[in-house]
Amino acid sequence: MLPKGLWQQHEPRAVVPLFGDAENFVDFAVQPSFAARPRNFIEPLYHLYQKKKRFGSAARDYANLVLRRPIAFRAIMVTRDGRYLAQWPLAQGLRVGDFFSVNVNELMAKSGVEPCDALLVLVASRGRTDLWNSSPGSANVRYVGQHYVAGYRTGLFVRTLNPAQGSRHFGFTGLNPQIRLGGREVPGVLLINHSSDPEYDRTVSPVSRLHRNRNEFLEAPFGSIPPHGALERSVADLFPGAAEFLAPTGGHGYLVTRNKGASLASLHLIRSRDGRSMALDHSRPAHTNVVAYF
Amino acid sequence: MTSLETLLHEYSNFSLPTQLRLGAPFGMTTLCFQNFYSELFPERDTPVDFHVVCFSGEGEQLGGTVLRVETGEAVQYTPDAASQRGTGLIAAAAIPAFDLAGYSAGKLKIRSEIGTGFYVIWDDGSGHLDTMHEWMAVTRGPLPPARHYFVFDSARSRLERFGLALVNPIIGSGCESQATVSIFNSARRPLGSATLEPVSSMGARLVFFDAVFPELGSWFATHGPLGVEVSGANLAEPLTIEIHRSGDVHIHHIN
Numbered sequence: 374m375l376p377k378g379l380w381q382q383h384e385p386r387a388v389v390p391l392f393g394d395a396e397n398f399v400d401f402a403v404q405p406s407f408a409a410r411p412r413n414f415i416e417p418l419y420h421l422y423q424k425k426k427r428f429g430s431a432a433r434d435y436a437n438l439v440l441r442r443p444i445a446f447r448a449i450m451v452t453r454d455g456r457y458l459a460q461w462p463l464a465q466g467l468r469v470g471d472f473f474s475v476n477v478n479e480l481m482a483k484s485g486v487e488p489c490d491a492l493l494v495l496v497a498s499r500g501r502t503d504l505w506n507s508s509p510g511s512a513n514v515r516y517v518g519q520h521y522v523a524g525y526r527t528g529l530f531v532r533t534l535n536p537a538q539g540s541r542h543f544g545f546t547g548l549n550p551q552i553r554l555g556g557r558e559v560p561g562v563l564l565i566n567h568s569s570d571p572e573y574d575r576t577v578s579p580v581s582r583l584h585r586n587r588n589e590f591l592e593a594p595f596g597s598i599p600p601h602g603a604l605e606r607s608v609a610d611l612f613p614g615a616a617e618f619l620a621p622t623g624g625h626g627y628l629v630t631r632n633k634g635a636s637l638a639s640l641h642l643i644r645s646r647d648g649r650s651m652a653l654d655h656s657r658p659a660h661t662n663v664v665a666y667f
Numbered sequence: 009m010t011s012l013e014t015l016l017h018e019y020s021n022f023s024l025p026t027q028l029r030l031g032a033p034f035g036m037t038t039l040c041f042q043n044f045y046s047e048l049f050p051e052r053d054t055p056v057d058f059h060v061v062c063f064s065g066e067g068e069q070l071g072g073t074v075l076r077v078e079t080g081e082a083v084q085y086t087p088d089a090a091s092q093r094g095t096g097l098i099a100a101a102a103i104p105a106f107d108l109a110g111y112s113a114g115k116l117k118i119r120s121e122i123g124t125g126f127y128v129i130w131d132d133g134s135g136h137l138d139t140m141h142e143w144m145a146v147t148r149g150p151l152p153p154a155r156h157y158f159v160f161d162s163a164r165s166r167l168e169r170f171g172l173a174l175v176n177p178i179i180g181s182g183c184e185s186q187a188t189v190s191i192f193n194s195a196r197r198p199l200g201s202a203t204l205e206p207v208s209s210m211g212a213r214l215v216f217f218d219a220v221f222p223e224l225g226s227w228f229a230t231h232g233p234l235g236v237e238v239s240g241a242n243l244a245e246p247l248t249i250e251i252h253r254s255g256d257v258h259i260h261h262i263n
């Protein structure tokens, strides 16, 4: 559980991992979609009418539009077991085309925090006027090690995820078809037990299956992930016999990870055995390609 | 070989997402796909035909294949040498080989344009990898002018090269894309601008900024992180490229 009021519900957020063996950089450039267009003045009212947005949220959207409020960012550092460590302002007064880039390791050093595997909750002061007040662009996280560069970009949103009170999320299924063993690659998964509510307090225990085909698989507990925490597991670590199991398929397989009762954020990682390369990206929900939810 | 036009015509309610295809001599690309329909209809048989088409940097179709992916199964597909020639685009769509409308009737509302999620692994052949999910779908153009902003940070000079993968999954006459790149510092002071060579429809090209802006290194030294604006007509959002001084590569979308 994180301190109450660490962020406000109307502030768009994203959570990204930090890696102790890398310098961790975060940047953001404000995209043209931040500039108010006529439709932006209709959207909050429409979502209010549809009962998808509360009055306070719609009123805040109109205040942002009328006052042409710029956007500011701050960051909250959380341990991989979900404990608050530090927070820093990152930038303020940003408008279309403005940007910032910060070296999180330098912020950590100033606060006396040793480099470690951790998480960073990025918080924006406002978003656009869409349903989830999405950020005008994506935050970019860049991990720069002695020998590698990796990273990904992700948006910030105001969206209810794993609320502390009320009904639970139905669950999470992560599909990772990128498993290749036997060569120089070490594939893995990093799961984040995120929440829109700092007071969220549920530990999750996902289960992973390593498949070589639909009917033949190994199963293992992924491990416990505390609230607001994260856990990275390599396939070889999860399944000590994975290389032998996947030998008939040339080392190729796929991983299916399931968790009931909570939504998780998921990253696919591919590290090289010799530490000369790292690659990662967030996974994407597959069903939204097919099902029209909105 | 299924042609792009045939795919778009025969499966008009399916989008055709693309991704950068790094090819020889720069590297190779593997496409990873899991037949996710079994998650929607867990009690049913849901095989799909996974159509993959590859294009040259100039937008010429190099090859294509169809892979049957059985219920709940996955495939990792690396195009053959002929289809990996040079760097270009790769596009893929999973077309259900079952009655999607019948399975979903009364249960799920199906999108008017059905997408396909997949991942790519880029491998430069020297042990440097990167990965990303699928990206821009093939779109009929022309498209109005667009602008995108992003940031390059040299990470205290650990990153050596910076650039863009210009992609143009926009089809139709007059759909050549031409991008203008402008670089500025955090105070919005302009440092340089250049119009890049056009990219033909269904084409792609890597552009490294040190070749376009010889002063790039000194700009990083003087100004720190740099902002970049890329703009133009028929401009599909490009991917950024960063190369570590070790040679490790990182490619990603902007938004």
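Quick mapping for you: the protein sequence lines, in order, are chains A and B.
The first sequence runs 374 to 667 under the working numbering.
The second sequence runs 9 to 263 under the working numbering.
The beta-carbon is built from N, C-alpha and C at its ideal position, and this holds for glycine as well.
Backbone CA spacing between residue i and residue j [nearest angstrom]
i              : j              : result
residue 404(A) : residue 155(B) : 8 Å
residue 737(A) : residue 549(A) : Since the first residue shown for chain A is 374 and the last is 667, residue 737(A) is missing from the structure and cannot be characterised.
residue 67(B)  : residue 485(A) : 53 Å
residue 108(B) : residue 54(B)  : 9 Å
residue 17(B)  : residue 101(B) : 13 Å
residue 427(A) : residue 419(A) : 11 Å
residue 36(B)  : residue 263(B) : 24 Å
residue 422(A) : residue 63(B)  : 46 Å
residue 503(A) : residue 612(A) : 43 Å
residue 534(A) : residue 205(B) : 45 Å
residue 624(A) : residue 122(B) : 31 Å
residue 112(B) : residue 658(A) : 18 Å
residue 464(A) : residue 406(A) : 19 Å
residue 402(A) : residue 513(A) : 9 Å
residue 511(A) : residue 526(A) : 6 Å
residue 142(B) : residue 27(B)  : 6 Å
Cβ pair residue i, residue j closer than 8 Å
i              : j              : result
residue 438(A) : residue 491(A) : no
residue 25(B)  : residue 97(B)  : no
residue 641(A) : residue 538(A) : no
residue 379(A) : residue 448(A) : no
residue 386(A) : residue 480(A) : no
residue 647(A) : residue 557(A) : yes
residue 207(B) : residue 213(B) : yes
residue 241(B) : residue 152(B) : yes
residue 39(B)  : residue 106(B) : no
residue 192(B) : residue 235(B) : yes
residue 400(A) : residue 161(B) : yes
residue 603(A) : residue 453(A) : yes
residue 34(B)  : residue 58(B)  : no
residue 216(B) : residue 182(B) : no
residue 478(A) : residue 589(A) : no
Partners in chain A for residue i, counting only beta-carbon separations shorter than 8 Å
i              : result
residue 254(B) : 519, 520, 521, 649
residue 263(B) : 404, 510, 511, 526, 528
residue 4(B)   : Given that chain B is displayed from residue 9 to residue 263, the structure contains no residue 4(B) and the question cannot be resolved.
Within chain B, the residues that residue i reaches when beta carbons sit closer than 7 Å
i              : result
residue 576(A) : Within chain B, no residue comes near residue 576(A); the closest Cβ sits about 25 Å away, beyond 7 Å.
residue 632(A) : By Cβ distance, chain B contributes nothing, its closest Cβ being about 14 Å from residue 632(A), past 7 Å.
residue 412(A) : None at all; the shortest Cβ gap to chain B is about 16 Å.
residue 586(A) : 81
residue 627(A) : 42, 82
Partners in chain B for residue i, counting only beta-carbon separations shorter than 9 Å
i              : result
residue 470(A) : 155, 157, 192, 196, 235, 237
residue 665(A) : 116, 117, 118, 119, 120
Contacts of residue i in chain B (Cβ-Cβ under 8 Å)
i              : result
residue 389(A) : Going along chain B, no residue has its Cβ under 8 Å from residue 389(A), so there is no contact; the nearest lies around 13 Å.
residue 606(A) : Simply none; closest approach about 17 Å.
Within chain A, the residues that residue i reaches when beta carbons sit closer than 7 Å
i              : result
residue 103(B) : Chain A residues near residue 103(B): none, gap ~12 Å exceeds 7 Å.
residue 107(B) : Those do not exist, as residue 107(B) stays about 14 Å from chain A at its closest Cβ, beyond 7 Å.
residue 40(B)  : 550, 551
residue 144(B) : Neighbours of residue 144(B) on chain A: none; closest Cβ ~14 Å, over 7 Å.
residue 250(B) : 522
residue 123(B) : 662
residue 260(B) : 524, 525, 526
Chain-ordered neighbours of residue i on chain A, where CB pairs are closer than 9 Å
i              : result
residue 127(B) : 549, 550, 551, 641, 654, 656, 657
residue 37(B)  : In chain order: nothing, as chain A lies at least about 13 Å away.
message: Extract the residue ranges of the alpha helix (DSSP H) inside the stretch 433-518 of chain A, only unbroken runs of 4 or more that lie entirely within it.
response: 477-483
- request: Pull out every residue of the stretch 515-526 of chain A whose Cβ sits closer than 7 Å to any Cβ of chain B, in chain order.
  value: 515, 517, 520, 521, 522, 523, 524, 525, 526
message: At 3 residues or longer, what runs of the beta strand (DSSP E) sit wholly inside the stretch 548-621 of chain A?
response: 558-565, 580-584, 590-594, 603-607
message: If we require 4 or more residues per run, which alpha helix (DSSP H) segments fall completely within the stretch 21-105 of chain B?
response: 45-48
- request: Determine which residues of the stretch 82-100 of chain B have a Cβ less than 8 Å from any Cβ of chain A, and write them out in chain order.
  value: 82, 83, 84
- prompt: Listed in chain order, which residues of the stretch 232-244 of chain B have Cβ atoms closer than 7 Å to some Cβ of chain A?
  reply: 233, 235, 237
query: Using a beta-carbon distance cut-off of less than 9 Å, what residues from the stretch 527-555 of chain A approach chain B?
result: 528, 546, 548, 549, 550, 551, 552, 553
- prompt: Got a sec: which bits of the stretch 155-188 of chain B sit with their beta carbon under 9 Å from any beta carbon on chain A, in order along the chain?
  reply: 155, 156, 157, 158, 159, 160, 161, 163, 164, 166, 167
field: Within 8 Å of chain B by C-beta, residues of the stretch 374-400 of chain A in sequence order
entry: 396, 398, 400
field: In chain order, each alpha helix (DSSP H) run of at least 4 residues that lies wholly inside the stretch 155-232 of chain B
entry: 217-220, 224-231
Contact set between the stretch 50-81 of chain B and chain A, restricted to residues whose Cβ is under 8 Å from the partner: 78, 79, 80, 81
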